[in-house]
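*Asks:*
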Amino acid sequence: MTIAVTAATGHLGALTLAALKARGAAPVALARSPAKVSGGFEARAFDYNAPDPAALTGVDVLILISSNDFNDRAGQHKRAIAAAKAAGVGRIVYTSVLKGPASPMTLLAADHIATEAALHEAGVPFTIQRNGWYSENLTGSLGAALEHGAVIGAAGEGRLATAARADYAEAAAVVALDGAHAGKVYELAGDQAFTMAEFAAEVAKQSGKPVAFVNMTEADYAKALEGFGLPAAFAATLAQSDATSGSAAALYDDSGALSRLIGRPTTPIAETIRAALG
């Protein structure tokens with residue numbers, strides 16, 4: 010069975026390739042710049058803006074990792090799905106968003122909802138992997154948190170059930186390798202939930218420096234993110250995602266589906282913090 014992974018040079022794509030390789034598979038890496046693919050994988054050119062069905066020749070399962078282009082992400086995904094259908098791909102595994110159409114993160118979820126609808130319309134067998142928040146989304150800015158002694162956000166007392174990217178990558182490998190997952194939709198999140206105040210306390214504990222969580226309104230948090238150089242639309246998306254994680258449990262799930270898929274507990278946030286702090 011031939012499995013191909015899109016966005017192969019991105020964080021999740023590279024981890025998914027590694028997870029497949031660890032399970033004895035020889036996946037095909039799809040990337041806009043194939044020369045940048047590392048790890049000895051067969052690499053083919055695949056651009057979300059103009060995907061060539063020829064790049065999917067012989068592919069049985071396509072792991073479609075969501076694009077990071079917020080300008081036309083749904084359009085890119087639809088073109089990739091059309092290319093997969095034209096190439097005769099047997100199944101598509103798509104990395105969607107936790108809760109799918111029911112997500113209160115309307116700005117972030119809209120493209121994923123449109124993509125899920127496109128999968129249903131295409132008629133190609135699929136598996137939808139609705140990923141929760143990546144722990145690295147939080148630890149990626151620890152440098153600033155340590156510098157200023159604060160983690161800022163709009164989540165309030167909301168609980169986030171995050172997991173490491175490697176956990177989600179492992180799940181993608183598992184569902185791609187077994188046809189029994191066809192037609193399934195999985196809500197995936199970490200085993201352990203925490204508040205942002207608890208996150209900040211763990212950062213303080215491990216770093217030995219004072220760090221506290223500063224809760225803000227959604228509007229103020231969006232302005233702060235813009236001040237860090239983020240485009241206004243993207244800042245608004247992140248701020249709404251953060252706010253709804255508190256007000257509507259947008260990033261919480263206690264089904265345990267992720268740990269069952271990968272056959273082990275998900276990576277604790279403390280471990281991801283430790284890795285980020287070096």
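Last residue of the sequence shown: 287 (the working numbering), numbering continuous. By construction, the Cβ of each residue, glycine as well, lies at the ideal position given by its N, Cα and C atoms. Predicted model only: the values in this text are computed from it and were never measured.
(1) Give a yes or no on contact between the stretch 130-140 and the stretch 242-259, applying the rule of three or more CB pairs nearer than 8 angstroms.
(2) Under the three-state reduction of DSSP, which class applies to residue 12: helix, strand or coil?
(3) Just to confirm, is the Cβ distance from residue 9 to residue 230 under 8 angstroms?
(4) If you count every other CB in all the chains shown that lies within 10 Å of the CB of residue 178, and 16 or more means buried, which is it?
(5) Please work out which residues of its chain come closer than 6 angstroms, Cβ to Cβ, to residue 116, disregarding the five sequence neighbours upstream and downstream, and give them in chain order.
(6) Could you check the C-alpha separation between residue 266 and residue 196 for me, to the nearest Å?
(7) Check residue 250 in the structure and name its three-state DSSP category.
(8) In angstroms, rounded to a whole number, what distance separates the CA positions of residue 270 and residue 15?
(9) Is it the case that the stretch 208-224 contacts the stretch 54-65, given that we only count it when at least three CB pairs across the two stretches are under 8 angstroms?
(10) Does the contact criterion of 3 or more C-beta pairs under 8 angstroms hold for the stretch 91-99 versus the stretch 59-79?
(11) Looking at residue 277 and residue 191, is the spacing between their C-beta atoms short of 8 angstroms?
(12) Is the beta carbon of residue 25 closer than 8 angstroms to that of residue 182?
(13) Tell me the DSSP secondary structure of residue 166 in three-state form.
(14) Would you list the residues sitting across from residue 224 in a DSSP beta bridge?
*Replies:* Quick look at the numbers:
(1) no
(2) As a position in the sequence shown, residue 12 is number 3, starting the count at 1. Three-state DSSP puts residue 12 in a strand.
(3) Residue 9 is absent from the structure shown; the chain starts at 10 and stops at 287.
(4) Start at 1 with the first residue of the sequence shown, and residue 178 comes out as number 169. Buried, by the Cβ-count rule.
(5) Translated into positions along the sequence shown, residue 116 becomes position 107. Correct list, in chain order: 246, 249.
(6) Numbered from 1 along the sequence shown, position 257 holds the residue referred to as residue 266. Numbered from 1 along the sequence shown, position 187 holds the residue referred to as residue 196. Approximately 7 angstroms, taken between the alpha carbons.
(7) In the sequence shown, residue 250 corresponds to position 241, counting from 1. Note: residue 250 maps to helix in three-state DSSP.
(8) As a first step, residue 270 is located in the sequence shown; it is residue number 261 there, counting from the start. As a first step, residue 15 is located in the sequence shown; it is residue number 6 there, counting from the start. Roughly 21 angstroms between the two C-alpha positions.
(9) no
(10) yes
(11) The residue labelled residue 191 in the question sits at position 182 within the sequence shown. The residue labelled residue 277 in the question sits at position 268 within the sequence shown. For residue 191 and residue 277, no; Cβs fall outside 8 angstroms.
(12) Position 173 of the sequence shown, counted from the first residue, corresponds to residue 182. Position 16 of the sequence shown, counted from the first residue, corresponds to residue 25. Yes, these two residues count as a Cβ contact at 8 angstroms.
(13) Along the sequence shown, read from residue 1 onward, the residue named residue 166 stands at position 157. Residue 166 falls in the coil class under three-state DSSP.
(14) In the sequence shown, residue 224 corresponds to position 215, counting from 1. Residue 224 is bridged to 162.
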